[in-house]
Amino acid sequence: AVLGPALAGLLVPAAGFASTFYLNGVSFGAVLVALALLRLPAAPPRAAHPPVFRQVADGLSYIWGHPTLRALTLLAAAFGLFGAPYNQMLPVYRLVLHLDERALGLLSSAPGLGTVLGGLALARFADVRGKGRLLVASAGLFVVAVIAFATSAHYLLSVAILVLVGACATAFSSTTQTLLQHTTEDRMRGRVVSMYTITVIGFQPLGALDLGWAVDRLGAPLAISAAATVVGVVALVLMPRVKHLT
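Mind the numbering: the sequence shown is residues 65 to 310 in the numbering used here, read in order.
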């Protein structure tokens, strides 16, 4: 997340976009080889499970029937649909900020650097109380930072803001997962965490599709700011339910 975009920014001027994408694809081969070399013990026989769609339906019913889990999942869904897709719009800012490939690579690396810094900060203060307040604060600061980035006309300021965006996104995602797991019964934890993964990772491409359409018609600053505002509104509505969680 940090080195990849920066390296791509150096490779694109030298080798072109196609060669850079080919190299990125080849790099996944190392992961595939490592997975192929793994030697795991045989899994013990497992009891029959209900059909997959039945398990999904049971998970959704469980989440919807639990007000705290429902609030956390809705907030994660808003983040996945309207908050996180700002990242897919970063190439647009090559035109907005008049950047070359190297500068765009650094800009794209900034959220990754924020993710690293945010993760280190969370590890340092892992036992902090008031995780609900941390969740609300990180969501609110994320919204403000994304709007500030969307409307920024200065390159270095945009890079600095994106570092903050990455840190806030990490704090939000990690805190949400922690609260979900602490609130869920053992028997349903896998399904609840799976739904969280779907809402954050699965919804992001859908949000990027809609946001791309909006950027094309409204311009990047207005479209990205409006999408971030939706996350802020959802966070305000759900704040009474989550702010007291520990």
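All C-beta atoms, glycine included, are put in the ideal place defined by N, C-alpha and C. As the structure is a prediction and not an experimental result, all values here were calculated from the model.
- Could you spell out the range, first to last residue, of the alpha helix (DSSP H) harbouring residue 143? Where residue 143 is concerned, there is no enclosing alpha helix (DSSP H), given that its DSSP letter is neither H nor E.
- Sequence-distant residues of the same chain with beta carbon closer than 6 Å to residue 214, five excluded per side: 285, 288, 289
- Message: Any contact between the stretch 192-202 and the stretch 170-178? By contact I mean 3 or more CB pairs, one from each, below 8 Å.
- Response: no
- Does the stretch 124-139 touch the stretch 272-280, meaning 3 or more C-beta pairs lie closer than 8 Å? no
- Please say whether residue 306 and residue 199 have beta carbons closer to each other than 8 Å? yes
- Message: Among 184, 228, 224, whose alpha-carbon lies nearest the alpha-carbon of residue 201?
- Response: 228
- Pick from 97, 98, 292, 75: whose alpha carbon is nearest that of residue 88? 75
- Identity of the residue in 142, 209, 239, 230 nearest residue 181 by Cα: 230
- What number of angstroms, rounded off, separates the C-alpha of residue 153 from the C-alpha of residue 210? 12 Å
- Separation of residue 147 from residue 235, as counted between CA atoms: 14 Å
- Boundaries (first-last residue) of the alpha helix (DSSP H) holding residue 195: 195-215
- Using CA coordinates, which residue listed in 185, 125, 240 is at the minimum distance from residue 303? 240
- Query: In angstroms, rounded to a whole number, what distance separates the CA positions of residue 92 and residue 177?
  - Reply: 22 Å
- Task: Could you tell me whether the stretch 149-165 touches the stretch 240-253, where touching means 3 or more Cβ pairs closer than 8 Å?
- Result: no
- Going by alpha carbons, who is nearest to residue 167 out of 98, 206, 220, 245? 220
- Item | Sequence-distant residues of its chain with Cβ nearer than 6 Å to residue 222 (five each side left out) | 213, 216
- Item | Cβ shell of residue 205 (< 6 Å), same chain only, five flanking positions each side left out | 232
- Task: Alpha carbon to alpha carbon, how far is residue 106 from residue 279? Give it in angstroms, no decimals.
- Result: 50 Å
- Query: Going by the CB atoms, is the gap between residue 259 and residue 123 shorter than 8 Å?
  - Reply: yes
- Task: Can you say whether residue 265 is buried or exposed, counting buried as having 16 or more other CB atoms within 10 angstroms of its CB?
- Result: exposed
- Task: For the alpha helix (DSSP H) holding residue 305, just list the boundary residues, first then last.
- Result: 284-306
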